[in-house]
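Report on one structure; see the data block that follows.
Number of protein chains: 2
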Amino acid sequence: MKQASLYERLHLTHPIIQAPMAGGISTPELTAAVSNNGCLGMIAAGYLDPDALLKEIKAVKKKTKNWFGVNLFVPNVYEIEDCALHTSKTLLEPIHESLHIEQHQVSLPEAKCDDDNYHQLIDLIIREKVPVCTFTFGLPSRDVIHRLKQQHIILIGTATTVKEAIEIERAGLDMVILQGSEAGGHRGTFLHTEDEGLIGLMALIPQAVRLINIPVIAAGGIMDGRALMAARCLGAAAVQMGTAFLTCTESGATDIHKQAVTKATDSQTTLTSAFSGKKARGINNTFIRMMQKHEHDLPVFPIQNALTKSIRAASSNQNNREFMSLWSGQSPMLASLQSAEELIERVMEEAEEVWNGI
Amino acid sequence: MKQASLYERLHLTHPIIQAPMAGGISTPELTAAVSNNGCLGMIAAGYLDPDALLKEIKAVKKKTKNWFGVNLFVPNVYEIEDCALHTSKTLLEPIHESLHIEQHQVSLPEAKCDDDNYHQLIDLIIREKVPVCTFTFGLPSRDVIHRLKQQHIILIGTATTVKEAIEIERAGLDMVILQGSEAGGHRGTFLHTEDEGLIGLMALIPQAVRLINIPVIAAGGIMDGRALMAARCLGAAAVQMGTAFLTCTESGATDIHKQAVTKATDSQTTLTSAFSGKKARGINNTFIRMMQKHEHDLPVFPIQNALTKSIRAASSNQNNREFMSLWSGQSPMLASLQSAEELIERVMEEAEEVWNGI
Numbered sequence: 006m007k008q009a010s011l012y013e014r015l016h017l018t019h020p021i022i023q024a025p026m027a028g029g030i031s032t033p034e035l036t037a038a039v040s041n042n043g044c045l046g047m048i049a050a051g052y053l054d055p056d057a058l059l060k061e062i063k064a065v066k067k068k069t070k071n072w073f074g075v076n077l078f079v080p081n082v083y084e085i086e087d088c089a090l091h092t093s094k095t096l097l098e099p100i101h102e103s104l105h106i107e108q109h110q111v112s113l114p115e116a117k118c119d120d121d122n123y124h125q126l127i128d129l130i131i132r133e134k135v136p137v138c139t140f141t142f143g144l145p146s147r148d149v150i151h152r153l154k155q156q157h158i159i160l161i162g163t164a165t166t167v168k169e170a171i172e173i174e175r176a177g178l179d180m181v182i183l184q185g186s187e188a189g190g191h192r193g194t195f196l197h198t199e200d201e202g203l204i205g206l207m208a209l210i211p212q213a214v215r216l217i218n219i220p221v222i223a224a225g226g227i228m229d230g231r232a233l234m235a236a237r238c239l240g241a242a243a244v245q246m247g248t249a250f251l252t253c254t255e256s257g258a259t260d261i262h263k264q265a266v267t268k269a270t271d272s273q274t275t276l277t278s279a280f281s282g283k284k285a286r287g288i289n290n291t292f293i294r295m296m297q298k299h300e301h302d303l304p305v306f307p308i309q310n311a312l313t314k315s316i317r318a319a320s321s322n323q324n325n326r327e328f329m330s331l332w333s334g335q336s337p338m339l340a341s342l343q344s345a346e347e348l349i350e351r352v353m354e355e356a357e358e359v360w361n362g363i
Numbered sequence: 006m007k008q009a010s011l012y013e014r015l016h017l018t019h020p021i022i023q024a025p026m027a028g029g030i031s032t033p034e035l036t037a038a039v040s041n042n043g044c045l046g047m048i049a050a051g052y053l054d055p056d057a058l059l060k061e062i063k064a065v066k067k068k069t070k071n072w073f074g075v076n077l078f079v080p081n082v083y084e085i086e087d088c089a090l091h092t093s094k095t096l097l098e099p100i101h102e103s104l105h106i107e108q109h110q111v112s113l114p115e116a117k118c119d120d121d122n123y124h125q126l127i128d129l130i131i132r133e134k135v136p137v138c139t140f141t142f143g144l145p146s147r148d149v150i151h152r153l154k155q156q157h158i159i160l161i162g163t164a165t166t167v168k169e170a171i172e173i174e175r176a177g178l179d180m181v182i183l184q185g186s187e188a189g190g191h192r193g194t195f196l197h198t199e200d201e202g203l204i205g206l207m208a209l210i211p212q213a214v215r216l217i218n219i220p221v222i223a224a225g226g227i228m229d230g231r232a233l234m235a236a237r238c239l240g241a242a243a244v245q246m247g248t249a250f251l252t253c254t255e256s257g258a259t260d261i262h263k264q265a266v267t268k269a270t271d272s273q274t275t276l277t278s279a280f281s282g283k284k285a286r287g288i289n290n291t292f293i294r295m296m297q298k299h300e301h302d303l304p305v306f307p308i309q310n311a312l313t314k315s316i317r318a319a320s321s322n323q324n325n326r327e328f329m330s331l332w333s334g335q336s337p338m339l340a341s342l343q344s345a346e347e348l349i350e351r352v353m354e355e356a357e358e359v360w361n362g363i
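Sequences listed follow chains A and B, in order. Just so we're aligned, residue 6 is where the first sequence starts under this note's numbering, counting upward by one. Just so we're aligned, residue 6 is where the second sequence starts under this note's numbering, counting upward by one.
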């Protein structure tokens, strides 16, 4: 029942949504390829301004007539703390030197909450009639929900605990992504400490589906037909896959990032807040190890993200994997280099095999 | 194929193994009830001496003619560090006072590795013809494996990463328990740091089953038919359930522990090494929070375990949940007070419903 309604409502042939991967990984090519192959492609608008998002939407629309979605970061209120800022700059300085970064002008976010940009993105989503909008890092306000719902845009929240899922349903969103501790990239936790929001999908989904009625989309470490069928058994109607799409031909991830993922093992990812000020899962490297002891003394998101930008860029340009954010979920051993179409076909074939084999 | 062979080899009607829960939770009543209902009951011998284990085996044999198993801790080599010992005693002293523990004679393990007791337990398992033996915290030696295999005892290792699972297969064990990060109680990690061994089952199982051929038993947060079927889709032949059996009538967990589990939510468990010196998952409380900052300065397992014994006992006797180890997996919201028979029946019914509903 839930599943049928989700398929129809998201215009899906297969129960797969491509995770929005900010920082250039989710290209219009990837988004469109996913949507053209019976799944839902997503634009990652978390770090975009309205001009950049408009460009992405137009590029996707050129490449597909099918549905796609946009993901937004719900802005958090933050303070710029001088002491944390000083600590971070002190720790990053020797890294700048070692990477020969001479000019590293940091443009720190000015406001205490980047609300303006967010509201302009909402306006744009309405104007461009984007059919699906997902949210990370919190709940959109009543007003935002009301405006988007008036345009019949489907709204999907991201939860990392049962309580967050319940709040998303209460707020009136249409569906919920349950992000397990297995997931790569940033944690979506917003009602708990980041440690409290680390629930494995095997535990998170069955507890959540007993208490909520909106359809559930499972995210975290899902990269093959086995995990797709497992997520459905647990009570999810569909899955969201990030790392699996990250190594696809159409993804904008650098080769060094793709190689790092395909060569990693399950025990080589770790959680760090050193890149952005918010916890995220990626492949362990020198930067993460150097900063580990100091994580609690660094500025919050998005300040730390701005401070490490030049380091991440230089490291990537120099083909040095040790100072880049190599986001990955906990199943890198299932990653392979292929087109999005090949990936989707393989996963759906495997899912059928799993089903017939039990 | 793998599953059929596992059912037969473990004499199972249902693909469920009861997790061995040390410290008096796995009673002979629980073990026998599980075995009498088509599943495999387990004796937790981790903290037992040969006399105590013999008593448990005899009690179980009185109550069931069916197969059951014994779980052993593979002894680790450890050092008693004076500085860590001093830190721990200093931190625990005010807790002793607040709980009015006047005499707290600590009998610290004498040897650097408690090998003698372990080998006596092995001898006993052979003498008593226990049909199944599972291992936690490491690989048994070649000699131990050889001796047990000669008696056709089925040997099962515990892995928390793909690499550990591969090593267990290589060593010649018959099956492997994959312990996901969702699991309650102690982490079985032995080839990695404890942080590296925290893989969610959704990621751990599909990566492991591609590289190993021995049957897989999934453990961690599995408490209902949804998770049972999910584990099978991922590639496991059976599941091991701990917390689900902990709140059963036949379990020896204190009422205060059972109540704490049934009232907890998914985000209220946490990992701590403060109780024993080894990381374990339980419901957060005052003791865990007090010790959190100092975890890295405490003695290793089993020294810290000996040091906190009187505190855990006094807290339990005083019906004070704040200084006890309230082990629980990440799905406490699925726990209920019932008999083992009722639990097994419900899980199997749910599993069938899940199967028919997809």
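Ideal placement from N, C-alpha and C gives every residue a C-beta, glycine not left out. This one's a predicted model, so the numbers in the text were calculated from it and none came from an experiment.
CB contact below 8 Å: residue 149 of chain A versus chain B: In the first sequence, the residue the question calls residue 149 of chain A occupies position 144. No, residue 149 of chain A lies away from the interface with chain B (no Cβ there is under 8 Å from its Cβ).
Residue 161 of chain A - DSSP class collapsed to helix/strand/coil: Taking the first residue of the first sequence as 1, we reach residue 161 of chain A at position 156. Of the three classes helix, strand and coil, the one that applies to residue 161 of chain A here is strand, per DSSP.
Own chain, CB closer than 6 Å to residue 277 of chain A, minus 5 neighbours either side, in chain order: Residue numbering aside, residue 277 of chain A sits at position 272 when the first sequence is read from its first letter. The residues 293, in chain order, have a CB closer than 6 Å to that of residue 277 of chain A in the same chain once the five nearest residues on each side in sequence are set aside.
Reduced DSSP category for residue 72 of chain B - H, G, I as helix; E, B as strand; rest coil: The residue labelled residue 72 of chain B in the question sits at position 67 within the second sequence. Looking at residue 72 of chain B - three-state DSSP - the assignment turns out to be coil, as it is neither helix nor strand.
Cβ separation of residue 71 of chain B and residue 40 of chain B, assumed to be a contact under 8 Å, to the nearest whole Å: In the second sequence, counting from the first residue as 1, residue 71 of chain B sits at position 66. In the second sequence, counting from the first residue as 1, residue 40 of chain B sits at position 35. About 4 Å separates the two Cβ atoms, so the contact holds.
8 Å Cβ cutoff met for residue 73 of chain A and residue 46 of chain A: Along the first sequence, one-based indexing puts residue 73 of chain A at 68. Along the first sequence, one-based indexing puts residue 46 of chain A at 41. Closer than 8 Å, so yes.
Spatial distance of residue 6 of chain A from residue 208 of chain A (CA atoms): Looking up residue 6 of chain A in the first sequence gives position 1. Looking up residue 208 of chain A in the first sequence gives position 203. Low confidence applies to residue 6 of chain A: its pLDDT is 43, below 50, so where it sits in the model is not reliable, and the reading given next is rough at best. The alpha-carbon atoms of residue 6 of chain A and residue 208 of chain A are separated by roughly 22 Å.
Environment of residue 122 of chain B [buried if 16+ CB atoms lie within 10 Å]: Taking the second sequence and counting its residues from 1, the one referred to as residue 122 of chain B is at position 117. With 16 or more other Cβ atoms within 10 Å, it is buried.
Any C-beta of chain B under 8 Å from that of residue 181 of chain A: On the first sequence, residue 181 of chain A is found 176 positions in, with the first residue counted as 1. Chain B contact via Cβ: absent.
Separation of residue 61 of chain A from residue 363 of chain B, as counted between CA atoms: The sequence position of residue 363 of chain B within the second sequence is 358, counting from 1. The sequence position of residue 61 of chain A within the first sequence is 56, counting from 1. In a straight line, the C-alpha of residue 363 of chain B is about 37 Å away from that of residue 61 of chain A.
Residue 183 of chain A versus residue 223 of chain A: straight-line alpha-carbon distance, rounded: Taking the first sequence and counting its residues from 1, the one referred to as residue 183 of chain A is at position 178. Taking the first sequence and counting its residues from 1, the one referred to as residue 223 of chain A is at position 218. Computed Cα separation, rounded: 5 Å.
Neighbour list for residue 212 of chain B in chain A, Cβ cutoff strictly below 7 Å: By one-based count along the second sequence, residue 212 of chain B stands at place 207. Under the 7 Å cutoff, chain A gives 271, 336, 338 and 339.
Where the segment 229-254 of chain A meets chain B: residues whose CB sits under 7 Å from a CB there: If the cut-off is 7 Å between Cβ atoms, the segment 229-254 of chain A has 229, 231, 232, 234, 235, 237, 238, 239 and 240 near chain B.
Any non-hydrogen atom of the ligand NAP closer than 7 Å to residue 320 of chain B Cβ: Only the bare structure without any ligand can be found here, which leaves the ligand NAP out of the picture.
Proximity test, Cβ basis, 8 Å: residue 208 of chain A and chain B: As a working note, residue 208 of chain A is residue 203 in the first sequence. Yes, residue 208 of chain A counts as interfacial toward chain B.
Environment of residue 112 of chain A [buried if 16+ CB atoms lie within 10 Å]: Here residue 112 of chain A corresponds to residue number 107 of the first sequence, with the count starting at 1. Burial call: exposed.
Reference residue 273 of chain B, options B:259, B:280 and B:291, closest by Cα: Indexing the second sequence from 1 puts residue 273 of chain B at position 268. Minimum Cα distance to residue 273 of chain B is reached at B:291.
Secondary structure of residue 44 of chain A, DSSP reduced to three states: Along the first sequence, one-based indexing puts residue 44 of chain A at 39. Coil.
Complete runs of the beta strand (DSSP E) confined to the segment 129-179 of chain B [at least 3 residues]: 137-141 and 159-164
Residue(s) in a DSSP beta bridge with residue 226 of chain B: Here residue 226 of chain B refers to the residue found at position 221 of the second sequence. Paired residue(s): none; residue 226 of chain B is not in a bridge.
Closer than 8 Å to chain B by CB, residue 363 of chain A: Locating residue 363 of chain A in the first sequence gives position 358, counting from the first residue. Chain B contact via Cβ: present.
Assigned secondary structure, residue 252 of chain A (DSSP; H/G/I helix, E/B strand, else coil): Translated into positions along the first sequence, residue 252 of chain A becomes position 247. Of the three classes helix, strand and coil, the one that applies to residue 252 of chain A here is coil, per DSSP.
For residue 280 of chain B, the three-state DSSP class (helix, strand or coil): Taking the second sequence and counting its residues from 1, the one referred to as residue 280 of chain B is at position 275. Here residue 280 of chain B sits in coil by DSSP.
Pairwise C-alpha distance: residue 284 of chain A and residue 199 of chain A: As a working mapping, residue 199 of chain A is identified with position 194 in the first sequence. As a working mapping, residue 284 of chain A is identified with position 279 in the first sequence. Spanning the two alpha carbons is a distance of roughly 7 Å.
Outcome for residue 57 of chain A when other beta-carbon atoms lying within 10 angstroms are tallied against a minimum of 16: Position 52 of the first sequence holds residue 57 of chain A. Counting Cβ neighbours within 10 Å, residue 57 of chain A comes out exposed, since fewer than 16 surround it.
Backbone secondary structure at residue 287 of chain A - three-state DSSP: Taking the first residue of the first sequence as position 1, residue 287 of chain A is located at position 282. The three-state reading of DSSP puts residue 287 of chain A in strand, counting E and B together.
Within chain A, the residues that residue 205 of chain B reaches when beta carbons sit closer than 8 Å: Counting from one through the second sequence, the residue named residue 205 of chain B turns up at place 200. Against residue 205 of chain B, the close residues of chain A are 185, 186, 187, 205, 206, 207, 225, 226 and 335, in the order they occur along the chain (beta-carbon pairs closer than 8 Å).
Identity of the residues DSSP links to residue 21 of chain B by a beta bridge: The residue given as residue 21 of chain B occupies position 16 in the second sequence. DSSP lists B:244 as partners of residue 21 of chain B.
Chain-order list of residues whose beta-carbon lies under 6 Å from that of residue 220 of chain B (same chain, five-residue window excluded): The residue labelled residue 220 of chain B in the question sits at position 215 within the second sequence. Cβ neighbours of residue 220 of chain B beyond the five flanking positions: 7, 11, 180 and 242.
Where residue 190 of chain B falls: helix, strand or coil (DSSP): Within the second sequence, residue 190 of chain B is the residue found at index 185, counting from 1. Residue 190 of chain B: strand per DSSP, three-state reduction.
C-alpha distance - residue 341 of chain B paired with residue 192 of chain B, whole-angstrom precision: Here residue 341 of chain B refers to the residue found at position 336 when the second sequence is read from its first residue. Here residue 192 of chain B refers to the residue found at position 187 when the second sequence is read from its first residue. Going from the Cα of residue 341 of chain B to the Cα of residue 192 of chain B covers about 24 Å.
Residue(s) in a DSSP beta bridge with residue 78 of chain A: To locate residue 78 of chain A, count along the first sequence from 1; it is residue 73. Paired residues: A:141.
Neighbour flag for residue 202 of chain A against chain B, beta carbons, 8 Å: As a first step, residue 202 of chain A must be located in the first sequence, where it is residue number 197. Answer yes: the Cβ-Cβ gap between residue 202 of chain A and chain B drops below 8 Å somewhere.
Inter-residue CB distance, residue 250 of chain A and residue 23 of chain A (contact presumed, cutoff 8 Å): Locating residue 250 of chain A in the first sequence gives position 245, counting from the first residue. Locating residue 23 of chain A in the first sequence gives position 18, counting from the first residue. Going by Cβ atoms, the distance from residue 250 of chain A to residue 23 of chain A rounds to 5 Å, so yes, they are a contact pair.
Chain-order list of residues whose beta-carbon lies under 6 Å from that of residue 321 of chain B (same chain, five-residue window excluded): As a position in the second sequence, residue 321 of chain B is number 316, starting the count at 1. Excluding residues within five positions, the ones whose Cβ falls inside 6 Å are 259 and 329.
Residues within the segment 145-171 of chain B neighbouring chain A, beta-carbon criterion of under 7 Å: 166, 167 and 168
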